[in-house]
Amino acid sequence: MNKLTVFLFLLGLVACKQEAKNETNEAPVTEVQESMKSETVYPDALAKVFEAHGGLTQWKAQRTLSYVIPKPNMPETHTIDLWSRQDRIDTEQFSMGFDGEQAWLMNGSGKYEGDVGFYHNLMFYFYAMPFVLADDGIVYSATPDLEYEGKKYPGIQIAYESGVGASSKDEYFIHFDPESHQMAWLGYTVTYRSGESSDNVKWINYGDWQEVNGLMLPKTITWHKYEGRTILEPVNSVTFEEVTLDGKSKPDVFYAKPEAGEYVTIQMN
């Protein structure tokens, strides 16, 4: 994702990728709405979130991200080229990846039964928050604060221009600590299989961070039960270990389909 220019509608407070106009809102309600008045590449509130996590300049200086998800009996090693978004997942039983144009799967001692087109970069987008919200083709808008255990977290709604990615109808809601501006919650919808917009927003807590090359990246993320925007008890967590960031790229052959692999169709919504 690349830099976007924010267009602010006077009443809707929607920031889009086009030249910003000099408009003002005389009755701002939240910090996010107030921040969207400025002529910056990103909403001011989101820019502060980026800075709280080490800054976009430092993030964009990195080329290769790798981490391990320690699943019981079958850890997954994920490797991603942050510029091209080529990726690869390796386990003892199978490997999968995306070569920049097509997804592929290579089964070994075990057979992967899931949807490769959906999973090959799924955890990357959860892990690389908040920085993936600086990608190209994004439409920013204000959203109500999220309240959890008596504390209010300001937020920004993220939508995508038509045709961006495999699921351009997906929506995200990033909510952050009002004092530190560190990311705290992510709401998201899933439209990959249906192709239809959804109002079922799932919620992940981001409360456990680790510093890697000057950037604050997740150590553990936790899904919660929910009733609409009411956050309930935690139900599942994913931990990220052996995290590395490197300014150098891997050769294209690393992400290419192995000879024993097969290409897999990615469903485009």
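The numbering of the sequence shown is my numbering, which starts it at 4 and goes up by one. Don't be surprised by glycine CBs; every beta carbon is placed ideally from N, CA and C. Predicted model only: the values in this text are computed from it and were never measured.
Residue of the options minimising C-alpha distance to residue i
i      : options                        : result
Asp139 : Gln65, Gly217, Trp86           : Trp86
Gln65  : Val71, Pro75, Glu182, Lys253   : Lys253
Lys63  : Val256, Pro78, Pro157, Ala131  : Ala131
Thr194 : His178, Lys205, Asn110         : Lys205
Ile141 : Glu152, Ile161, Thr60          : Ile161
Arg232 : Phe176, Ile224, Ile269         : Phe176
Lys155 : Trp188, Ile224, Ile269         : Trp188
Gln270 : Val256, Val119, Gly153, Glu150 : Val119
Thr67  : Gly103, Arg88, Asp249, Tyr209  : Asp249
Neighbourhood of residue i by C-beta distance below 8 Å, restricted to the same chain and skipping five residues each side
i      : result
Lys222 : Asp211, Trp212, Gln213, Thr242, Phe243
Ser183 : Ala55
Status (buried if at least 16 other CB within 10 Å, exposed otherwise) for residue i
i      : result
Lys24  : Confidence at Lys24 is low in this model, with a pLDDT of 36, below 50, so its placement is unreliable and no value can be given for it.
Leu235 : exposed
Asp173 : buried
Ile126 : It should be pointed out that residue 126 corresponds to Met in this sequence rather than to Ile. Answer is buried; the Cβ neighbour count reaches 16.
Ala145 : buried
Asp202 : exposed
Pro133 : buried
Gly117 : exposed
Asp255 : exposed
Contact set for residue i: own chain, Cβ-Cβ below 7 Å, skip 5 residues either direction
i      : result
His123 : Asp90, Ile92, Met99, Gly100, Phe101, Ala106
Met228 : With the sequence shown as reference, residue 228 is identified as Lys, and Met is not the correct amino acid for it. Same-chain partners within the cutoff: Leu235, Glu236, Val238.
6 Å Cβ shell around residue i - same chain, five flanking residues per side excluded
i      : result
Trp226 : Ile207, Val238, Asn239
Met219 : His56, Gly57, Trp212
Tyr128 : Val135
Val246 : Tyr70, Val215
Integer Cβ distance of residue i from residue j, believed to fall under 8 Å
i      : j      : result
His81  : Met186 : Contact doesn't hold; Cβ gap of about 20 Å is too wide.
Glu95  : Ser69  : No, Glu95 and Ser69 are not in contact; Cβ-Cβ is about 17 Å, not under 8 Å.
Pro147 : Pro181 : That pair is no contact at about 14 Å.
Ala263 : Met109 : 5 Å
CB contact check: residue i to chain D, cutoff 9 Å
i      : result
Asp118 : In summary, chain D is missing from the structure at hand, where a single protein chain is found.
To test your reading of the DSSP string, which unbroken alpha helix (DSSP H) runs of 4 or more residues are found completely within the region 52-120? Restricted to the region 52-120, the alpha helix (DSSP H) segments that are unbroken, complete and at least 4 residues in length are 59-63, listed in chain order.
Scan the region 150-223 and note each continuous beta strand (DSSP E) run of 3 residues or more that stays entirely inside, going in chain order. The region 150-223 contains, as complete beta strand (DSSP E) runs of 3+ residues, the segments 154-163, 175-179, 186-191, 205-215 (chain order).
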